[in-house]
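Q: Residue numbers (UniProt numbering), protein chains in the order written: chain S, 1 to 689; chain Y, 1 to 689. Attaching a single structure in structure tokens format; questions to follow.
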């Protein structure tokens, strides 16, 4: 029978609480933040975010986690979170990012996993449609091999709930509208962005206009962004002629694939089926995208000038009933109906369009970006490829750490010579945001344009201009997997993405001669692409772990070392022979010269080894390995080499710098470990060792 | 550009919230519950739980989830949750149960996974200890192949947080001590348990005595249980001579296996290493159990009567320093020390003891159990096998659904003849609690006695009485895996566990002749044992799923059908030939005759198929399959047969009733599906169809 004699010690209650990410170190002065009744009248925040949709909330959450929780405000004109409709799909890459923040569990548990896509086409033998293929939904390697659908409002709630663990104050202000901003460094050079907001009252009181000041303003306020308009920017691009209706409801059907994502092309039009999560009633939701045809007569030839007006008219004529009727025609010979006893959850009609701004930042007179656009505020797509919410949140993911590093004084100042230059070449870490994300937006808009036309086109129909054979359609679908999964993003070279990589170093012998984009999509290391997850076995405790779990989104850089088999000195124990091992030398360089040269706790070390046996001990390896990477030192889980996945030769190894967002910065040979310093000099300020 | 036309509908905000388990249906009258100022003066609750440790909180949470949230109170005399020390290990079975409640994520993410055990023994070639083997921590099949260690207070916080999602009121009352109870049916036959509590004030106010009344009282108030004493029960058994110290701290050591569970036997004593979770400082905790020797001189021969007193004295002489000093001797030639800059987290000394009560319930004059004991209140073990917190919570897990079914009027009344009988044979579902859990407690105490002696004994030492060779030790360790994993529990036959199973039905051909306990531990179906988890592929959406995810702990029974390959009628589509298929017949019987005979929403259907191809359609199978089990119909994920794991022949199939706690109730042949009614008549009241 236990008779305990307990001792009491401090910091114990931390054992009980939910874990929190530790904030980034701060070298810059903590600003003196004044709230509503500050001495000079204006509220001040380091960052003000306009819009509490997925992009705005995600940015706010990330900044709070990185350490800005006390000087952060997010304003949204709506009184609460979204209740129905809009976006519903999360890509594999978004799920990967969410898992580095611990935000994935509810989404994976409760969301609908789309493992497969079923393709349906006009039957060659009978009336109506028939299934022509099952295809995996995600064909690229990824931590999660499926997309997840779940209501956008729920994702917003998850983000906001997590945010509250980091911000003791109330920092998300709803019923607060953005009016406009000016850059005004003269009256307050530290907080040069002067923002007008309207605090909306209830029906009985009128809005109250207020001024808040910020170092940086972010417009996450959607397709009709007022921040964008205040910047003097416009969305450019076209709204096409394709009209689609979208309905979320509990379906009653004998269509056999209703729980799978389906691309249905019938002789009477197209439908996309998006299976959705189970709702509180116990039913499963279904989303249908229904192509709308011939609501009003098609235009005569030459009537092109009126096309947009005509489409708008057509759209206005669309009703829930007409969408469902058209759906029924496409599904024939199968029946669809609203499940008896249930209501339609949400419906809408829209025209497919791809539009974007040509800039997404506004610089002050010193060339410092003061205003940023993320999400729909700077690019809108069709919902077909399931991109919208994902790309928007990834904008925020790209911006947040750069902004936090800048505000915390961790990023180096630009070279004097480049400072005032209007060139597009990034000279600071913060500069790279627009450089990287506008390129992604452009690529995605091109892809989406192709992809959504394809869905609107009539497959196999000879007359259709956009006509594609079923095989062509499948090919576009597979080729697009890099985009649709979010895993194919590749950031262009810049100060934080190395331009030239030595193929001798990074590529597997077989791959050197023909490293194709496919190989990079499969995991071969390439600056600008995300580090692929694999399962590894940790040396210290023999646990199987996801490599990504050592690359959590805490705002830190990591050095990933692929050691060679000379890491273990079989003769060692008494004689120190570290100087003969190239792996040991690289580790010594990294631990003694690279990591300590930058602010404490900004670069972490992860080390991989190629040994399939376990008959080696800590004291056969350099001391710094255990000191710096005791719990982040891993090997393979089975007989296959996992170095191969990354295009690294076991006989040569590699050192890799990984950015805080999980993208590869630079790949170097073990012998060249010292040159990591050249890379980090672009990313982080040096400190006195 | 989307131009949405939204419609508004009710119940939409449910889409945003975290999902909640739906409560059990209730056939009995909802009692009129009065709180503090009720008309007759006493607070009333259907269930009162004393003690808010893991057992009490888990019980309270389960009852709230099952639907009793408004008539439930939990009292604890302490002002808050535990801050350090005590239990720290969760077994694979406990993790399985937690995952059926969605309570596993934080524990798996933040806890320490013990994948392996390292055995260390006196070196044969040099001074000090050497590693003799690595052994997997868990050798039985289970959803999680490892134990997890994490601070008990954190588990309590997780349970309490989840509880608050189900109980809008404050139902966990701290600083409230239990005084005593009486059974008093005369003044209030519906709430016969009269409970005296002391509401403790702060230092300035004196406790306030109060009476609360309940239908049932549960003592989850630990080894010193006052509820147990009020029942007139005692713990019986022995406190042995073995003394151990336990310390939680951040260790600084060159011992190579410090992140693994270790059993160290040196010439100077034994130590168990339990690796622990990472704490907020970034360090990893370590727990050491250190065997204490010769603190005061051993007893002379014949001095047996004074043994306990002697041990207590010895225990009192133990200090943190003496524990660490002894630890250092055992670890030699390796060094251990408290990590510089950190404090010891917690330490204690205890004597190993195995004690239990001979009863765990108290019946009223009608033979209805009114008072129950769970956890340490009725059995205490050594911490060596990591049992304590697990067995305690599993007591609550066993009790909660039986109590909820009884209070909701779902369980049938006992046969008149047996009602007043004092026999130990259970005649109601509620009766089976004591029957099942006291047996488990007895078995575990026997096992723990053997297991912990073994740890205290000197391995390989010829003189030691308990001396075991290293191989003998390893054997006990492996044989004990059923106990230590929690997966080997087998409930004895009763009205809810079928006694005789037809081996022809359940066992695989090869297994029929010699189905050993091992086979059951490996998953072969056996009434009284838990259903093993496997990965299956859902037919409707091709998702890979854990079978356990269809057996969530919502208090429902399930019928699990292993169909044969005649389920699919290859000729069908136009002609209905269901009457020729034994699988289809069994499904029809279950869906038309069994499930509707009992209260709505108390029995769910899960169906498995043996097909490795996917070329069959819903319309080739009986309609009731899609109606009752569209999203719970699964097949194998690869070429191997998964029926084999369960000992079911693909050519014969089986129907299985699974209890709400995941244990097999009865296994029948497909042809005998109708006889499931005999089983469910013991479990649930019949309703008019």
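Ideal Cβ placement from N, Cα and C applies to all residues, glycine included. No experiment lies behind these values; they were computed from the predicted model shown.
(1) Could you tell me whether the Cβ atoms of residue 173 of chain Y and residue 74 of chain Y are closer together than 8 Å?
(2) Could you tell me which uninterrupted beta strand (DSSP E) segments, each at least 3 residues in length, are contained entirely in the segment 230-294 of chain S, listed from first to last along the chain?
(3) Alpha carbon to alpha carbon, how far is residue 76 of chain S from residue 404 of chain S?
(4) Got a sec, what are the start and stop residues for the alpha helix (DSSP H) residue 475 of chain Y sits in?
(5) Mind listing which residues of the segment 254-273 of chain Y have their C-beta closer than 7 Å to chain S's C-betas, in chain order?
(6) Please determine, among Y:534, Y:430, Y:266 and Y:452, the residue with the shortest C-alpha to C-alpha distance to residue 638 of chain Y.
(7) Would you call the CB atoms of residue 520 of chain Y and residue 529 of chain Y closer than 8 Å?
(8) Quick one: using the 10 Å Cβ neighbour count with 16 as the cut-off for buried, is residue 37 of chain S buried or exposed?
(9) Is the shortest distance between the beta-carbon of residue 401 of chain S and the beta-carbons of chain Y less than 8 Å?
(10) Which same chain residues, not among the five before or five after residue 42 of chain S, have their C-beta less than 7 Å away from its C-beta?
(11) At 3 residues or longer, and completely inside the segment 137-206 of chain S: list those beta strand (DSSP E) runs for me, N to C.
(12) Of all the residues that make up the segment 538-565 of chain S, which are near chain Y by a beta-carbon distance shorter than 7 Å?
(13) Within this structure, are the beta carbons of residue 657 of chain S and residue 648 of chain S separated by less than 8 Å?
(14) Could you tell me which uninterrupted beta strand (DSSP E) segments, each at least 3 residues in length, are contained entirely in the segment 538-576 of chain S, listed from first to last along the chain?
(15) Report yes or no: is there a C-beta of chain S within less than 8 Å of the C-beta of residue 618 of chain Y?
(16) Whose CA, out of Y:257, Y:258, Y:328 and Y:309, lies closest to the CA of residue 291 of chain Y?
(17) So is residue 252 of chain S in contact with chain A if we call contact Cβ pairs under 8 Å?
(18) When the distance is taken between beta carbons, is residue 47 of chain Y closer than 8 Å to residue 218 of chain Y?
(19) Just checking: is the beta-carbon of residue 600 of chain Y within a distance shorter than 8 Å of some beta-carbon in chain S?
(20) Since residue 485 of chain Y and residue 138 of chain Y should fall inside the 8 Å C-beta cutoff, what is the C-beta to C-beta distance between them, to a whole number of angstroms?
(21) For residue 174 of chain Y, go through chain S and note every residue whose CB falls closer than 7 Å to its CB, in chain order.
(22) In angstroms, rounded to a whole number, what distance separates the CA positions of residue 226 of chain S and residue 669 of chain S?
(23) For residue 666 of chain Y versus residue 526 of chain Y, is the C-beta spacing smaller than 8 Å?
(24) With a threshold of 8 Å between beta-carbons, can residue 29 of chain Y be considered close to chain S, or not?
(25) Around the Cβ of residue 684 of chain Y, are there at least 16 other Cβ atoms within 10 angstroms (buried) or fewer (exposed)?
(26) Is DSSP giving residue 730 of chain S helix, strand or coil here?
(27) What in chain S is Cβ-close to residue 81 of chain Y, meaning under 7 Å?
(28) DSSP state of residue 20 of chain Y, grouped into three classes?
(29) Leaving aside the five residues before and after residue 87 of chain Y along the sequence, list all residues of the same chain whose C-beta is less than 6 Å from its C-beta, in chain order.
(30) If you draw a straight line from the alpha carbon of residue 31 of chain Y to that of residue 66 of chain Y, how long is it in whole angstroms?
(31) Run down chain S in chain order and give the residues with a C-beta less than 7 Å from the C-beta of residue 92 of chain Y.
(32) How many Å lie between residue 339 of chain S and residue 322 of chain S at the Cα?
(33) Can you tell me which of the three DSSP states residue 32 of chain Y falls into?
(34) Looking only at its own chain, which residues have a Cβ that is under 7 Å from the Cβ of residue 395 of chain Y, when we skip the five neighbours before and after it?
(35) May I ask which residues mark the beginning and end of the alpha helix (DSSP H) holding residue 489 of chain Y?
(36) Is any beta-carbon of chain S found at less than 8 Å from that of residue 334 of chain Y?
A: Let's see:
(1) Your numbering for residue 173 of chain Y matches position 173 in the second chain. Your numbering for residue 74 of chain Y matches position 74 in the second chain. In this structure, residue 74 of chain Y lies closer than 8 Å to residue 173 of chain Y by Cβ.
(2) 236-249, 251-253, 261-266, 269-278 and 284-291
(3) Position 76 of the first chain holds residue 76 of chain S. Position 404 of the first chain holds residue 404 of chain S. If you take the alpha carbons of residue 76 of chain S and residue 404 of chain S, they lie about 22 Å apart.
(4) Here residue 475 of chain Y refers to the residue found at position 475 when the second chain is read from its first residue. It spans 470-479 - the alpha helix (DSSP H) in which residue 475 of chain Y sits, taken as one unbroken run.
(5) 256, 259 and 260
(6) Here residue 638 of chain Y is taken as the residue at index 638 of the second chain, counted from 1. Residue 638 of chain Y has its Cα closest to that of Y:534, out of Y:534, Y:430, Y:266 and Y:452.
(7) Against the second chain, residue 520 of chain Y aligns to sequence position 520. Against the second chain, residue 529 of chain Y aligns to sequence position 529. For residue 520 of chain Y and residue 529 of chain Y, yes; Cβs fall inside 8 Å.
(8) Residue numbering aside, residue 37 of chain S sits at position 37 when the first chain is read from its first letter. Low confidence applies here, because residue 37 of chain S scores a pLDDT of 45, under 50, leaving its location unreliable and the question unanswered by this model.
(9) As a position in the first chain, residue 401 of chain S is number 401, starting the count at 1. No - not a single Cβ of chain Y is within 8 Å of the one on residue 401 of chain S.
(10) Taking the first chain and counting its residues from 1, the one referred to as residue 42 of chain S is at position 42. Around residue 42 of chain S: 211, 212 and 213.
(11) 147-149, 176-183 and 193-199
(12) 540, 541, 542 and 543
(13) Here the question's residue 657 of chain S lines up with position 657 in the first chain. Here the question's residue 648 of chain S lines up with position 648 in the first chain. No.
(14) 544-546 and 557-562
(15) The residue given as residue 618 of chain Y occupies position 618 in the second chain. Judged by the 8 Å Cβ criterion, residue 618 of chain Y is in contact with chain S.
(16) Taking the second chain and counting its residues from 1, one reaches residue 291 of chain Y at position 291. Residue Y:328 is the option with its Cα nearest to residue 291 of chain Y.
(17) Annotation note: the requested chain A is absent from the structure, which comprises protein chains S and Y.
(18) Residue numbering aside, residue 218 of chain Y sits at position 218 when the second chain is read from its first letter. Residue numbering aside, residue 47 of chain Y sits at position 47 when the second chain is read from its first letter. In this structure, residue 47 of chain Y lies closer than 8 Å to residue 218 of chain Y by Cβ.
(19) The residue given as residue 600 of chain Y occupies position 600 in the second chain. False, the Cβ-Cβ gap to chain S never drops below 8 Å.
(20) Here residue 485 of chain Y refers to the residue found at position 485 when the second chain is read from its first residue. Here residue 138 of chain Y refers to the residue found at position 138 when the second chain is read from its first residue. So it is a contact: roughly 5 Å between Cβ atoms.
(21) The sequence position of residue 174 of chain Y within the second chain is 174, counting from 1. Correct list: empty, because the minimum Cβ distance to chain S is about 14 Å.
(22) Start at 1 with the first residue of the first chain, and residue 226 of chain S comes out as number 226. Start at 1 with the first residue of the first chain, and residue 669 of chain S comes out as number 669. So the alpha carbons of these two residues sit roughly 48 Å apart.
(23) Within the second chain, residue 666 of chain Y is the residue found at index 666, counting from 1. Within the second chain, residue 526 of chain Y is the residue found at index 526, counting from 1. Not closer than 8 Å, so no.
(24) As a first step, residue 29 of chain Y must be located in the second chain, where it is residue number 29. Not closer than 8 Å to any Cβ of chain S, the Cβ of residue 29 of chain Y fails to qualify, so no.
(25) Mapped onto the second chain, residue 684 of chain Y falls at position 684. By the neighbour-count rule (16 or more Cβ atoms within 10 Å), residue 684 of chain Y is buried.
(26) There is no way to answer for residue 730 of chain S, as the model of chain S reaches only from 1 to 689.
(27) Here the question's residue 81 of chain Y lines up with position 81 in the second chain. Within 7 Å Cβ-Cβ: 16.
(28) As a working note, residue 20 of chain Y is residue 20 in the second chain. Note: residue 20 of chain Y maps to coil in three-state DSSP.
(29) On the second chain, residue 87 of chain Y is found 87 positions in, with the first residue counted as 1. Around residue 87 of chain Y: 152, 388 and 389.
(30) By 1-based counting over the second chain, the position of residue 31 of chain Y is 31. By 1-based counting over the second chain, the position of residue 66 of chain Y is 66. Taking the straight line from one Cα to the other gives about 16 Å.
(31) Position 92 of the second chain, counted from the first residue, corresponds to residue 92 of chain Y. The premise fails here: residue 92 of chain Y is roughly 15 Å from chain S at the closest Cβ pair, so nothing lies under 7 Å.
(32) The residue you call residue 339 of chain S lines up with position 339 of the first chain. The residue you call residue 322 of chain S lines up with position 322 of the first chain. Between residue 339 of chain S and residue 322 of chain S, the C-alpha separation is close to 18 Å.
(33) Looking up residue 32 of chain Y in the second chain gives position 32. Note: residue 32 of chain Y maps to coil in three-state DSSP.
(34) In the second chain, counting from the first residue as 1, residue 395 of chain Y sits at position 395. These residues qualify, in order along the chain: 55, 374, 375 and 437.
(35) By one-based count along the second chain, residue 489 of chain Y stands at place 489. No alpha helix (DSSP H) contains residue 489 of chain Y, which DSSP labels as neither H nor E.
(36) The residue given as residue 334 of chain Y occupies position 334 in the second chain. Not closer than 8 Å to any Cβ of chain S, the Cβ of residue 334 of chain Y fails to qualify, so no.
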